[in-house]
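Numbering-wise, the sequence shown is residues 6 to 383 according to the numbering used here.
Ideal Cβ placement from N, Cα and C applies to all residues, glycine included.
Only a predicted model underlies this, so the values are computations on that prediction, with no experimental measurement involved.
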Amino acid sequence: MAATESAGDGLSTPAGRILAAALALPLAVPVLAQGVPDRATLSLRVLDYQDRQPGADRVRVKAPALALAMPLAGPWSLGASVVSDAISGASPAYHTRGLSRLSDERNAADVTLTRAFDDATLSVGAAGSHESDYDSAALSLQGTWSSDDRNTTWAGGLAASRDRVNPVTAVVQGARKRVLDVHLGLTRVLSATSVWQVNLGLNRARGYLSDPYKVFDGRPSQRDALRLLVRGNHHLRDGGQTVRWSWRMYRDDWKVRAHTLGLEFVQPIAAQWSVTPALRLHSQDRARFYVEVDPEAAPFVTQPPPGAAYSSLDQRLSAFGAVTAGIKLTWQPDPEWTLDVKFERYAQRGRWHWRGEGSTGLAAFDARTWQFGVVRRF
């Protein structure tokens, strides 16, 4: 069963981000238009995620992922990746209570074929994943175009997926979900040391969008979302450091509103070594049909309002704030090899909501992530 904790759009908490990173999603927007790579790149990443609440460990995810990018004949290149996620632990049936055991495995793969032109690229891709109760298939088309001086690059893309849900609870059988995603991007090189990027995306989901493993979980059969990402890199010539910053805004017609601020600082510490501390701050509003915890109902399940057309007791749709702190150590002994290790700690609380106290009555939610990576160019 799908068990990753998600916030807002499903990629705001560690598990969602990690699994998305493990499988190179077809919607990823390239920073700059690229020609055919002159060398192949093979990368292996191993991800280990664990979240918990007071007195109980929750979801554990172990995900090795392998990715390959290589030139083909003439102006063509190929990218592909595979990932296998082993998911285990416990997930709450409502709010942060009613933990039930779970165990599953997800296998996923994607492939992208790219054609390079003088000032542009065009890519087509396909992706698919399978787990015991969920199957997904996706197709994508994206392209880039650069100005004559290569200082400005436009990007655009379209992706569509079809999913099928067969939960072991038998709440539904063969339920369908369809997603259409469109994105536009602009990258601008400001100077030899600075670059910034703006990405705008629209996402339209239709079909079965409820969680069959949550009690009293009946969500609308459609969800339209808008996301905006603004980010930049600035290189400091004197010390060789690089500052990376980002702001991400998300909103949908479920009334979820989310903002995420990110900051990274790449610091060379010796020949071939660098360290990158990172900080992310996140806040989201609750969905309009989220049912807040009723303290007078404990230890029983909080009941939805009488006559409510939609309702959810899912913590991921509550109002909260979150802080992620991490550090990454990278070693590049030569141009052919890069090795890195990354650690992150995530903490989520209702009272950290940026506007007001947020949702109350929820157990504290915390997570940690380890990521190990090796890249070989040849």
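Next on the checklist: Within 10 Å of its beta-carbon, does residue 471 have 16 or more other beta-carbons around it, so buried, or fewer, so exposed?
Outcome noted: Nothing can be reported for residue 471: it is not among the residues displayed for the chain, which extend from 6 to 383.
Item to check | Reduced DSSP category for residue 26 - H, G, I as helix; E, B as strand; rest coil | outcome: Because residue 26 carries a pLDDT of 36, less than 50, the predicted location of this residue cannot be relied on, and the following value inherits that uncertainty. Residue 26 falls in the helix class under three-state DSSP.
Checklist entry - Over what stretch of residues does the beta strand (DSSP E) that includes residue 377 continue unbroken? => result 370 to 382
Item to check | Expected contact under 8 Å - CB spacing of residue 324 and residue 358 to nearest Å | outcome: 5 Å
Item to check | Beta-carbon proximity list for residue 184, same chain, < 6 Å, skipping 5 on both sides | outcome: 166, 210
Next on the checklist: Just to confirm, is the Cβ distance from residue 116 to residue 85 under 7 Å?
Outcome noted: yes
Checklist entry - Which residues does DSSP pair with residue 287 in a beta bridge? => result 265, 327
Checklist entry - When the Cα of residue 289 is compared with those of 232, 123, 265, which residue comes out closest? => result 265
Item to check | Enclosing beta strand (DSSP E) for residue 385 [first to last residue] | outcome: Since the first and last residues shown for the chain are 6 and 383, residue 385 lies out of range.
Item to check | Own chain residues within Cβ distance below 6 Å of residue 140, not counting five before or after | outcome: 169
Item to check | Opposing strand residues paired with residue 92 [DSSP bridges] | outcome: 66, 109
Item to check | Other residues of its chain near residue 375: CB distance less than 7 Å, five sequence neighbours each side excluded | outcome: 53, 348
Checklist entry - Where do the ends of the beta strand (DSSP E) carrying residue 357 lie? => result Element bounds for residue 357: n/a, residue is neither H nor E.
Item to check | Whole runs of the beta strand (DSSP E) within the region 111 to 163, excluding any shorter than 3 residues | outcome: 125 to 136, 139 to 151
Item to check | Euclidean distance between Cα positions of residue 174 and residue 300 | outcome: 28 Å
Item to check | Nonlocal neighbours in the same chain, by C-beta distance under 8 Å from residue 371, ignoring five residues either side | outcome: 56, 57, 58, 350, 351, 352, 353
Item to check | Given residue 110 as reference, the closest of 241, 295, 136, 119 once Cα atoms are compared | outcome: 136
Item to check | Local Cβ density within 10 Å of residue 192, reported as buried at 16 or more and exposed below that | outcome: buried
Checklist entry - By Cβ distance below 8 Å, which residues in the same chain neighbour residue 179 in space, the five residues on each side in sequence not counted? => result 169, 170, 171
Next on the checklist: If contacts are defined as beta-carbon pairs under 8 Å, then residue 148 and residue 125 qualify, I think. What distance do you get, rounded to the angstrom?
Outcome noted: 6 Å
Item to check | Given residue 218 as reference, the closest of 51, 319, 162 once Cα atoms are compared | outcome: 319
Next on the checklist: Taking its Cβ as the centre, do 16 or more other Cβ atoms sit within 10 Å of residue 308, making it buried, or is it exposed?
Outcome noted: exposed
Item to check | Environment of residue 365 [buried if 16+ CB atoms lie within 10 Å] | outcome: exposed
Next on the checklist: Between 91, 378, 100, 261, which has its C-alpha nearest residue 113's C-alpha?
Outcome noted: 91
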